[in-house]
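There are 2 protein chains.
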Amino acid sequence: MTQARTTRRTVRPEERRQDILEAALTLFAERGYRGASLATIAEKAGLTQQGLLHYFPSKERLLTEVLRLRDERDMAATGTADTTLDALARIVELNQERRGMVQSYTVLSADSVTEGHPARDFFTERYERLRLELAKVVRAELGDSPRAGMTPETAATLLIAVMDGLQLQWLLSDETVDMAGAFRGMLELLRTHPSG
Amino acid sequence: MTQARTTRRTVRPEERRQDILEAALTLFAERGYRGASLATIAEKAGLTQQGLLHYFPSKERLLTEVLRLRDERDMAATGTADTTLDALARIVELNQERRGMVQSYTVLSADSVTEGHPARDFFTERYERLRLELAKVVRAELGDSPRAGMTPETAATLLIAVMDGLQLQWLLSDETVDMAGAFRGMLELLRTHPSG
Chain G
1 MTQARTTRRT VRPEERRQDI LEAALTLFAE RGYRGASLAT IAEKAGLTQQ
51 GLLHYFPSKE RLLTEVLRLR DERDMAATGT ADTTLDALAR IVELNQERRG
101 MVQSYTVLSA DSVTEGHPAR DFFTERYERL RLELAKVVRA ELGDSPRAGM
151 TPETAATLLI AVMDGLQLQW LLSDETVDMA GAFRGMLELL RTHPSG
Chain Y
1 MTQARTTRRT VRPEERRQDI LEAALTLFAE RGYRGASLAT IAEKAGLTQQ
51 GLLHYFPSKE RLLTEVLRLR DERDMAATGT ADTTLDALAR IVELNQERRG
101 MVQSYTVLSA DSVTEGHPAR DFFTERYERL RLELAKVVRA ELGDSPRAGM
151 TPETAATLLI AVMDGLQLQW LLSDETVDMA GAFRGMLELL RTHPSG
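Here it is as structure tokens:
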């Protein structure tokens, strides 16, 4: 890679990096991790496979960075570092405007349970952390027993499950399933008559 | 394919067919649809790729049959043609004993949202049908408004979402997430103080 490239417009490294991540996000969503080749991602980003490898030394590394990018955007979307149940509802609402992000997440997270998948640890740790964080949020907002007999930990597990499961139905229904409405319904179920 | 095969034990066609379906179910779960080649599936089932194609003329066809097999087993598992909320809870409990089935479902359903996937229609129709069926069950057991302001249709969408989402967390947690317990908790949320 030198500055002597004349056939393409000159872009700054950071911009180029971003182009590659966007291309990878799109192609992983469309074809899955194994189905999207580095050559296709490079082509979509407007550079050669060799050029891509200059920015991301391996496909595994590119995947990790794509997943990190997704998380950053989620955090930016809530507009605050503090998670609340209402902030979760806002994320679900926002997700209805960004199919690519939703699809990449659904495809890659399920993909990650297959044998030897490079994102397996990423998702395992992500869900463990999410359950802990959300249990704290539930405890803070709804008390130790949000509903008779249900722990904040179980409530957190259910909230995450609902978010993931709704995404799959939304994707498969041509976006006609009302994810945001159903998720608000779920919050109502947890909030009605809290005993804590 | 003739009866003159001498290097392998003779098995009846129906048995052979079953072996192929089992091999495909396992390999789709382990590697995803695109990652599992016909050659590998044939090898695992103990026959040649040409032999496999005698039973299933294409990979798409094999996938369809695998999905049908899964559904049949689910129906058999509930032990009745009538779906009830308790029957769903039994399926979730049973699923904790059959990782392969759960994994194949999670991997293939998410896979199916990728571009040009041959099981897309299967899953789209399956979820539409499931939502309708479950809405009827909810209406019959909990009334027209299982919780203030929530329709049976939304409750059905949430129940399906929870089942799917729990499977992903269960698979990624080395099966430590208590799917059956969390699902029973979800049923409790819907059943407490029904207003219908």
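Protein chains in written order, with full-length UniProt numbering: chain G, 1 to 196; chain Y, 1 to 196.
Even for Gly, the Cβ is constructed at its ideal location relative to N, Cα and C.
Applying the criterion that 16 or more other CB atoms from any shown protein chain within 10 Å of the CB defines a buried residue, is residue i buried or exposed?
| i | result |
| --- | --- |
| Y:Arg-147 | buried |
| Y:Asp-164 | buried |
| G:Leu-168 | buried |
| G:Pro-152 | buried |
| G:Arg-16 | buried |
| Y:Ala-29 | buried |
| Y:Ser-37 | exposed |
| Y:Gly-32 | buried |
| Y:Ala-39 | exposed |
| G:Arg-73 | exposed |
| Y:Arg-131 | buried |
| G:Gly-185 | buried |
| G:Met-179 | buried |
With DSSP as the reference, label residue i as helix, strand or coil.
| i | result |
| --- | --- |
| G:Arg-120 | helix |
| Y:Thr-48 | coil |
| G:Ser-109 | helix |
| Y:Gln-18 | helix |
| G:Arg-126 | helix |
| G:Pro-57 | coil |
| Y:Gln-96 | coil |
| G:Asp-178 | coil |
| G:Ala-76 | helix |
| G:Ser-104 | helix |
| G:Ala-42 | helix |
| Y:Val-162 | helix |
| Y:Leu-189 | helix |
| Y:Thr-83 | coil |
| Y:Asn-26 | Sequence inspection shows Thr at residue 26 of chain Y; the Asn mentioned does not correspond to that position. The answer is helix: DSSP assigns Y:Thr-26 an H, G or I state. |
| Y:Thr-114 | coil |
For residue i, which of the options has the nearest alpha-carbon?
| i | options | result |
| --- | --- | --- |
| G:Leu-25 | G:Leu-63, G:Leu-53 and G:Thr-114 | G:Leu-63 |
| Y:Asp-174 | G:Lys-44, G:Arg-120 and G:Ala-23 | G:Arg-120 |
| Y:Ser-58 | Y:Glu-153, Y:Pro-118 and Y:Asp-111 | Y:Pro-118 |
| Y:Leu-187 | Y:Asp-82, Y:Ala-89 and Y:Arg-34 | Y:Ala-89 |
| G:Gly-181 | Y:Arg-131, Y:Leu-158 and Y:Leu-67 | Y:Leu-158 |
| Y:Gly-100 | Y:Leu-67, Y:Tyr-127, Y:Leu-132 and Y:Thr-84 | Y:Leu-67 |
| Y:Asp-19 | Y:Leu-94, Y:Glu-125 and Y:Lys-44 | Y:Lys-44 |
| G:Ser-104 | G:Leu-85, G:Gly-185, G:Leu-130 and G:Arg-34 | G:Arg-34 |
| G:Thr-124 | G:Ala-135, G:Ala-110, G:Leu-134 and G:Leu-94 | G:Ala-110 |
| Y:Ser-112 | G:Glu-128, G:Leu-171, G:Ser-112 and G:Leu-21 | G:Leu-171 |
| Y:Ala-142 | Y:Leu-108, Y:Leu-85, Y:Ala-39 and Y:Ala-23 | One detail in the question is off: residue 142 of chain Y reads as Leu in this sequence, not Ala. Residue Y:Leu-85 is the option with its Cα nearest to Y:Leu-142. |
| Y:Ala-161 | Y:Thr-106, Y:Leu-27, Y:Glu-97 and Y:Arg-191 | Y:Thr-106 |
| Y:Phe-183 | Y:Val-92, Y:Leu-52 and Y:Thr-83 | Y:Val-92 |
| G:Thr-83 | G:Phe-56, G:Leu-189, G:Gln-50 and G:Val-138 | G:Val-138 |
| G:Val-11 | G:Gly-46, G:Arg-70, G:Glu-22 and G:Glu-133 | G:Gly-46 |
Based on DSSP bridge pairs, tell me the residues matched to residue i.
| i | result |
| --- | --- |
| Y:Met-150 | Y:Arg-147 |
Going along chain A, which residues have a C-beta under 7 Å from residue i?
| i | result |
| --- | --- |
| Y:Val-177 | Absence of chain A from the displayed structure is noted, the protein chains being G and Y. |
Check: If you measure beta-carbon to beta-carbon, which residues of the region 104-126 of chain G are closer than 8 Å to chain Y?
Finding: Thr-106, Val-107, Ser-109, Ala-110, Asp-111, Ser-112, Val-113, Thr-114, Glu-115, Arg-120, Phe-123 and Thr-124
Next item on the list: Could you list the residues in the region 10-33 of chain Y with a C-beta less than 8 Å from some C-beta on chain G, going in chain order?
Entry: Ala-29, Glu-30, Arg-31 and Gly-32
Note to self: Taking beta-carbon pairs under 8 Å, can you tell me which members of the region 81-105 of chain Y lie near chain G?
What the structure shows: Gln-103
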